[in-house]
Amino acid sequence: MRRLDGELFWVHVSGFTYTPQDPHRETLWAFTDLSMGRKVNSTLRGSMTARERDVAALLIEGRTGKEVAKALGISHRTVDIYKTRLLRKYGVSTTPQLIEHLLAG
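Going by numbering that gives the first Met the number 0, the letters in the sequence shown line up with residues 0 to 104, in that order.
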């Protein structure tokens, strides 16, 4: 990739789709700057359930717990359970920290 200042840098790209029948319609892409010295944590991402990935993707979009619940057709308390699982898996205590880790790959 190229930074705004023109410098080239390597990234790790990962993504998944919400619509397998039309994979490019709703896809979440994450780009990790490899020059930042972070390890790409595919183990954690691989251990997420499909529903945890759904919740995570909507949180990344900036939706609230109630908005996530409505979009997925589940209770907001159920969303809280999934979010708590994700917080534990990533070893963070706040939603912004969780989103940062999710975007880091």
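Don't be surprised by glycine CBs; every beta carbon is placed ideally from N, CA and C. Everything numeric in this text was worked out from a predicted model, so none of it was measured.
Check whether the region 68–85 and the region 49–60 are in contact - that is, three or more C-beta pairs closer than 8 Å. yes
Measuring straight from C-alpha to C-alpha, what distance separates residue 106 and residue 48? Nothing about residue 106 can be reported from this structure: the residues present for the chain run from 0 to 104 only.
When DSSP labels each residue in this structure, what does residue 33 get in the three-state scheme? The residue you call residue 33 lines up with position 34 of the sequence shown. Residue 33: helix per DSSP, three-state reduction.
Three-way DSSP call (helix, strand, coil) for residue 54 in this model: The residue labelled residue 54 in the question sits at position 55 within the sequence shown. DSSP places residue 54 in helix when its eight states are reduced to three.
Three or more C-beta pairs below 8 Å linking the region 3–12 and the region 78–97: no
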